[in-house]
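In this text, residue positions in the sequence shown follow our numbering: the first is 235, and each later residue adds one. First up is the structure itself, then whatever we jot down about it.
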Amino acid sequence: MSASEFDPRSKDLGYLRRRRVSGQWAPFLAALADELAAVADKGAVKRFLCATGERMARRHALPKLETLDELEVRLNEILDAMDWGWVQLAVAEDHILITHGACPNVLEDDDKRAWPPLMAELLAGAYGAWLAAQGSPGGVTTCRDPLASPLVFEHRV
């Protein structure tokens with residue numbers, strides 16, 4: 235499918251029909267997000283979640299892969315096993331574009347929408363670590379808009 239034919243909303247709906255955030259975790263994650271937003275230093279929270287994402291990526295380490303397409307397939311296998319949505323990778327002019335859809339960042343109890351930015355930091359850490367393990371030298375992975383759906387990240391070196 236070409237990039238111009240790609241429809242992230244349709245892909246999200248297909249994915250979400252099969253999965254949702256577990257009822258046993260949603261209230262906890264919403265309360266955790268509220269508490270982190272209320273009492274913790276924002277920079278410290280960002281560093282903590284990014285480091286947590288990096289650690290998750292190391293726990294789901296990948297072998298060296300030859301192409302971005304191969305990396306996308308393997309990342310989708312990992313995300314699917316965790317019920318964390320899907321990813322599409324693309325080469326842009328000066329960065330790698332990472333589109334992450336069907337992210338488990340919508341929680342019924344999260345009326346302040348505190349969780350989505352936290353999830354974006356976690357994913358930025360994970361994607362940065364996976365790309366570093368593939369040989370990306372000292373890259374920085376940032377989310378364009380943590381409240382958007384799908385989430386779009388840029389990995390720059």
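Beta carbons: idealized from backbone N, C-alpha and C, even for Gly. Everything numeric in this text was worked out from a predicted model, so none of it was measured.
Within its own chain, the residues whose Cβ lies closer than 8 Å to the Cβ of residue 356, once the five positions on either side in sequence are excluded, are 283, 284, 286, 287 and 290, listed in chain order. Taking a cut-off of 8 Å for Cβ pairs, the region 315 to 323 and the region 331 to 348 touch, as three or more such pairs fall below it.
Here DSSP, grouped into helix, strand and coil, assigns residue 357 to helix. In the DSSP annotation of this structure, the continuous segment of the beta strand (DSSP E) that includes residue 331 starts and ends at 330 to 335. The C-alpha of residue 362 is placed about 7 Å away from the C-alpha of residue 374.
Rounded to whole angstroms, residue 302 and residue 332 show a C-alpha spacing of 11 Å. The three-state reading of DSSP puts residue 378 in coil, since its state is none of H, G, I, E or B. Close CB contacts of residue 386 within its chain, under the 6 Å cut and outside five residues either way in sequence, are with 333 and 378 (chain order).
Annotation for residue 263: 255, 341, 344 and 349 place their beta carbon closer than 8 Å to its own, counting only its chain and skipping 5 residues before and after.
Straight-line spacing of the CA atoms in residue 266 and residue 381 works out to 17 Å. For residue 281, the three-state secondary structure derived from DSSP is helix.
In the three-state reduction of the DSSP assignment, residue 347 falls in the coil class, being assigned neither a helical nor a strand state. DSSP places residue 388 in the uninterrupted beta strand (DSSP E) bounded by 385 to 390. Put simply, of 371, 388, 273 and 295 the residue whose alpha carbon is nearest the alpha carbon of residue 327 is 388.
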